[in-house]
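Chains as they are written, first to last, in the working numbering: chain A, 1 to 383; chain B, 384 to 787. Idealized CB from N, CA, C, for every residue including glycine. Inspection log for the structure reproduced underneath, given as structure tokens.
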Amino acid sequence: MLAGLYVVDCTQRLGWLTGRLLADMGANVVKVEAPGADLSSSEWQALNINKQLLRLELESRTAAAALDSLVSTADFLIATPRAGRDDDALFDFDRLHSINPRLIVVAITPFGLTGPKSKWRVSDLEIMAAAGAMSLAGEPGGEPMRVSAPQSSAWAGAQAAVGATMALAARARIGRGQLVDVSAQAAVITALAHAPAFVDIAGTTPTRAGAFITGRSVAGAKYRVFWPCLDGHINFILYGGAAGRRTNEQLVAWMREEGVDAGPLAAVDWSSFDPTQASQAEVDAMEAPIARFLARMRKREFLEAAHRREMLGYPVSSVQDIATDPQLQARAFWQDVTAPDGRTQRHCGAFYIRDGLRPALKVPTPPQVAPASPETEREPASA
Amino acid sequence: MNPQALEGVKVVEFGSYAAGPHVGKMLANFGATVVHVESVGRPDGFRLQYPPFKDGRPGINSSGCFALFNDSKLGVTIDLKNAEGIALARELVDWCDIVVENMRPGVMQRLGLGFETLSADHPGLVMLSTCNMGQTGPRADTPGFGSQLTALAGMCGLTGHPAGPPMLLYGPYIDFIASTMGAAAVLAALEKCRSSGEGSYLDVSQYECGLLFLAGPVLAYHDKGEVAKRAGNSDPGASPHGVWPCRGGGWIALSCWSADEFERLCAVIGRPDLGRDGALSGMAGRRAAAERISDAIGDWAGELDAASAAEGLQRAHIHAHAVSTVADLFCDPQLEGRGQWQRRPHAVFGDVACALPAFALSDTPGEVTTAAPLLGEHNQRVFGELLGIDPQRLSQLQAHGALD
Chain A
1 MLAGLYVVDC TQRLGWLTGR LLADMGANVV KVEAPGADLS SSEWQALNIN KQLLRLELES
61 RTAAAALDSL VSTADFLIAT PRAGRDDDAL FDFDRLHSIN PRLIVVAITP FGLTGPKSKW
121 RVSDLEIMAA AGAMSLAGEP GGEPMRVSAP QSSAWAGAQA AVGATMALAA RARIGRGQLV
181 DVSAQAAVIT ALAHAPAFVD IAGTTPTRAG AFITGRSVAG AKYRVFWPCL DGHINFILYG
241 GAAGRRTNEQ LVAWMREEGV DAGPLAAVDW SSFDPTQASQ AEVDAMEAPI ARFLARMRKR
301 EFLEAAHRRE MLGYPVSSVQ DIATDPQLQA RAFWQDVTAP DGRTQRHCGA FYIRDGLRPA
361 LKVPTPPQVA PASPETEREP ASA
Chain B
384 MNPQALEGVK VVEFGSYAAG PHVGKMLANF GATVVHVESV GRPDGFRLQY PPFKDGRPGI
444 NSSGCFALFN DSKLGVTIDL KNAEGIALAR ELVDWCDIVV ENMRPGVMQR LGLGFETLSA
504 DHPGLVMLST CNMGQTGPRA DTPGFGSQLT ALAGMCGLTG HPAGPPMLLY GPYIDFIAST
564 MGAAAVLAAL EKCRSSGEGS YLDVSQYECG LLFLAGPVLA YHDKGEVAKR AGNSDPGASP
624 HGVWPCRGGG WIALSCWSAD EFERLCAVIG RPDLGRDGAL SGMAGRRAAA ERISDAIGDW
684 AGELDAASAA EGLQRAHIHA HAVSTVADLF CDPQLEGRGQ WQRRPHAVFG DVACALPAFA
744 LSDTPGEVTT AAPLLGEHNQ RVFGELLGID PQRLSQLQAH GALD
């Protein structure tokens, strides 16, 4: 969809996903890395596949001239200017814009380019903290948690991809590129769903709920979400309403078929079950047989049966479970890519299917080592 | 003054809850005319099913959830079970450039609103379908909530202490990954249409989009058989790396990524002896002494409020920030400077906070034009003025239940 558009990607980790998404949408993305930079991490490789690697030193005195040459015919420059370095001068929008007025410069930083915290030093942990996400994860009253696999760079990268394509739409109208200033803190706020509305409308501050759902019962009862099973955990909740009715009825039927005592669940009229009215003792009594039933099950068994029975609930997947999920295989989500050294890697494919086809990832070519004319780096894009 | 990025672009949403409407909201914030389609009998589920509500009382126009994802849009009602309603929906699609829908796979086709039908006379149409599993595959028809899909996609299993259970992430976390990527795809398809006249049908699976957020750990499994585990708040590249309780109930998050940074931390917390201890200059040494270091940080942090602790650490160039509560986000000067929250008048709330996307465009800045629409608020404006339907036919449509 972005075939023919040329992207210079000078990002650190905070921006890797942006170029990956633009590449997946068909743009020709050149990833600039310093000669000698270690690119062996899975994170680097996963988020920089589908780009052409260019080895170029951007921390030397001649860096600006080299960058100017590189972006002179580019449509996008993506950068992650770092506080306390010379990056502000290197990626100065006014200079770049004077060289190439059609250039869209996407700057991804923890807090945005200006403001009282724009020079603060933070990593994923502190960005997740600054955006409120950690206050909503972890045990109630216990320590706030981040997701162990860093997420803030992904949120920033994805929002930056929207910003980049938005500026592209604007360029078609105003005839020139502009500066897109992306804040990772603000990007992570997207992940908080409707939590901000509680503060604004109800005057209450949502907090973390751990492994349970709270706030659904007027009697203060909490409902279990994560249930131990033979090979991990299952996410299952006693919902009310139409969806809950189908799920709960099917659970009881399934227990009966397996010869498992459903205890008090057997007597519940699910058409009138109202989770908001249950006491903790009632919830505990209903959940005890569910715990026994799910404890003897494997995650994949639950996934398949729950789908067949149209029940709500999913296993808590590990990356191993994900790698072998037939749904992803059926949709050709995984793409095997052979590197110049002959090694094959299995990557997440493009994030979308267009007109029935998932765009193929480009096969990597050996890295270029000098800033050749950008014109010669353009290659036909496939999407 | 510059036109907005998407001025003149017309979007119709057959969407509800988060995944569809959040896409339209981002487009609306940059100038697109976005029409959110609901029906009186089946309004957007966010209107009635989830708190918060104005004064705690559920009401069709008093939902905070709905307000957050539907600002700057026009709201109409069409009964899609009514033949005249379907015909009206077709007219709306003929008028627009982009359709966004997040119903279960197959529903739009059954309504006669599938892409093939809609694009037959509208070759440049861009249509985004987004749902749990995508439009195809053995589990395409799975109904599901984003809060549970976040577990299937691996994020919950990677949150929490190693010996404890997985942890919930707030709300339908993964929905917003797909809506963000979906918006980028729609804009790329719009560019494709601009340059070639070609339309696009985009099938976006929330599950698959979520996996791009774990692309590194997934590749590490495929490549090396490594299975990522939840690790509390630790990180392989830093030590210390975590959160400590502060005076007044807050928490400070901080991390040290080098021996120098650790030495500066020790000076700030009044323990230069730890900074001088050669055994702690390496990451392995600091890990081995994690409890001793953690106690020292805890003693210091317990005497300060979290914001002061963060400012002191930042003055010494140490990675740090207070753990913000959601309420803190409304008084963070950094977010205020970016215009994160925009208050707009609303008939029920008085006024309501709406969020801008996380990117600021220098020449065509986004804006929140209006608060979210009341149910069917813009029927006259959209059907009468934008589609040009005459008053007599509009009355007939009304009488025949097409606008219910």
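Assuming residue i and residue j are in contact, meaning their beta carbons sit under 8 Å apart, how far apart are those beta carbons, in whole angstroms?
| i | j | result |
| --- | --- | --- |
| Asp181/A | Gly112/A | 5 Å |
| Asn453/B | Lys408/B | 6 Å |
| Val420/B | Phe397/B | 5 Å |
| Gln45/A | Gln345/A | 7 Å |
| Ile557/B | Gly599/B | Wrong, their Cβ atoms sit about 17 Å apart, outside the cutoff. |
| Ile78/A | Val122/A | Between Val122/A and Ile78/A the Cβ distance is about 20 Å, and since that is not below 8 Å, they are no contact. |
| Gly19/A | Asp711/B | That belief does not hold up - the Cβ atoms of Gly19/A and Asp711/B are roughly 32 Å apart, past 8 Å. |
| Ser422/B | Asp787/B | 6 Å |
| Phe351/A | Met564/B | 5 Å |
| Gly240/A | Pro264/A | Going by Cβ atoms, the distance from Gly240/A to Pro264/A rounds to 16 Å, so no, they are not a contact pair. |
| Leu501/B | Leu508/B | 6 Å |
| Ile104/A | Gln178/A | 6 Å |
| Val30/A | Leu22/A | About 11 Å; that fails the 8 Å criterion. |
Find the residues of chain A that neighbour residue i, judging by a C-beta separation of less than 7 Å, and give them in chain order.
| i | result |
| --- | --- |
| Met550/B | Ala137, Gly138, Met145, Gly210 and Ala211 |
| Gln589/B | Per Cβ cutoff of 7 Å: no residues; Gln589/B is ~10 Å from chain A at best. |
| Asp606/B | Ser42 and Gln345 |
| Thr708/B | Gly132, Ser135 and Thr205 |
Cβ closer than 9 Å: which chain A residues qualify as neighbours of residue i?
| i | result |
| --- | --- |
| Cys448/B | Ala193, His194 and Ala197 |
| Phe732/B | Asp200 and Ile201 |
| Phe645/B | Here the premise fails: no neighbours, minimum Cβ distance about 14 Å. |
| Pro386/B | Ala170, Arg173 and Ile174 |
| Ser583/B | Met1, Arg354 and Asp355 |
Under DSSP, the beta strand (DSSP E) around residue i begins and ends at which residues?
| i | result |
| --- | --- |
| Lys119/A | Note, Lys119/A: premise wrong, no beta strand (DSSP E); not H, not E. |
| Arg727/B | Trp724 to His729 |
| Gly10/A | It is worth fixing the name first, because residue 10/A is Cys in this sequence and not Gly. Run containing Cys10/A: Tyr6 to Cys10, per the beta strand (DSSP E) assignment. |
| Gly625/B | His624 to Pro628 |
| Asn235/A | Gly232 to Asn235 |
| Gly733/B | Gly733 to Ala738 |
| Glu257/A | No beta strand (DSSP E) holds Glu257/A; the alpha helix (DSSP H) holding it covers Gly241 to Glu257. |
| Ala79/A | Phe76 to Ala79 |
| Asn28/A | Asn28 to Glu33 |
| Ile481/B | Ile481 to Glu484 |
Which residue comes first and which comes last in the alpha helix (DSSP H) that contains residue i?
| i | result |
| --- | --- |
| Ser638/B | Looking at the DSSP string, Ser638/B is not in any alpha helix (DSSP H); the run it does join, the beta strand (DSSP E), is Trp634 to Ser638. |
| Pro655/B | Pro655 to Arg659 |
| Gln775/B | Pro774 to Ala782 |
| Met510/B | Taken as a continuous stretch (DSSP letters only), Met510/B belongs to no alpha helix (DSSP H), being part of the beta strand (DSSP E) at Val509 to Cys514. |
| His505/B | Here His505/B belongs to no alpha helix (DSSP H), and DSSP marks it neither H nor E. |
| His405/B | Pro404 to Ala411 |
| Cys649/B | Ala642 to Val651 |
| Trp227/A | Premise fails: Trp227/A lies in the beta strand (DSSP E), Phe226 to Cys229, not in any alpha helix (DSSP H). |
| Val319/A | Val319 to Ala323 |
| His761/B | Counting along the chain, His761/B falls outside any alpha helix (DSSP H), and DSSP gives it neither H nor E. |
What does residue i touch in chain B if you count any residue whose Cβ is under 8 Å from its own?
| i | result |
| --- | --- |
| Glu126/A | Ala636, Leu637, Ser638, His702, Ala703 and His704 |
| Cys348/A | Glu591, Leu594, Leu595, Ala598, Val601 and Leu602 |
| Tyr314/A | Gly527, Gln531, Leu532, Ala534 and Leu535 |
Starting from the beta carbon of residue i, find every residue of chain B whose beta carbon is closer than 9 Å, and list them in chain order.
| i | result |
| --- | --- |
| Cys229/A | By Cβ distance, chain B contributes nothing, its closest Cβ being about 12 Å from Cys229/A, past 9 Å. |
| Lys222/A | Here the premise fails: no neighbours, minimum Cβ distance about 12 Å. |
| Trp270/A | Correct list: empty, because the minimum Cβ distance to chain B is about 16 Å. |
| Thr165/A | Ala566, Ala567, Ala568, Val569, Leu570, Ala571, Leu573 and Glu574 |
Could you tell me which chain A residues have their CB closer than 8 Å to the CB of residue i, listed as they occur along the chain?
| i | result |
| --- | --- |
| Ser745/B | Phe93, Gln178, Leu179, Val180 and Asp181 |
For a contact meaning CB atoms closer than 7 Å, what does residue i contact in chain B?
| i | result |
| --- | --- |
| Lys31/A | Here the premise fails: no neighbours, minimum Cβ distance about 15 Å. |
| Asn248/A | Per Cβ cutoff of 7 Å: no residues; Asn248/A is ~14 Å from chain B at best. |
| Pro364/A | The premise fails here: Pro364/A is roughly 14 Å from chain B at the closest Cβ pair, so nothing lies under 7 Å. |
| Val71/A | In chain order: nothing, as chain B lies at least about 17 Å away. |
Could you name the residues of the segment 538-564 of chain B whose beta carbon sits closer than 7 Å to any beta carbon of chain A, in the order they occur along the chain? Met538, Cys539, Gly540, Leu541, Thr542, Gly543, Pro548, Pro549, Met550, Leu551, Leu552, Tyr553, Gly554, Pro555, Tyr556, Phe559, Ile560, Thr563 and Met564
Segments assigned beta strand (DSSP E), at least 3 residues, entirely inside the segment 160-195 of chain A: 179-183
Give, in chain order, every residue of the segment 270-302 of chain A whose Cβ lies closer than 8 Å to some Cβ of chain B. none
Report the start-end ranges of each beta strand (DSSP E) in the segment 569-593 of chain B that is 3 residues or longer and not cut off at the edges. 583-588
Relative to chain A, which residues along the segment 513-524 of chain B have a C-beta separation below 9 Å, given in chain order? Residues of the segment 513-524 of chain B with a Cβ closer than 9 Å to any Cβ of chain A, in chain order: Met516, Gly517, Gln518, Thr519, Gly520, Pro521, Arg522, Ala523 and Asp524.
Can you list, in chain order, the residues of the segment 474-496 of chain B whose Cβ is nearer than 9 Å to any Cβ on chain A? Result list empty, no residue passes.
Every unbroken beta strand (DSSP E) within the segment 662-713 of chain B, with a cutoff of 3 residues, ordered by chain: 702-705
At which residue ranges does the segment 514-568 of chain B contain complete alpha helix (DSSP H) runs of 4 or more residues, listed in the order of the chain? With a minimum length of 4 residues, the continuous alpha helix (DSSP H) runs that stay inside the segment 514-568 of chain B are 529-535.
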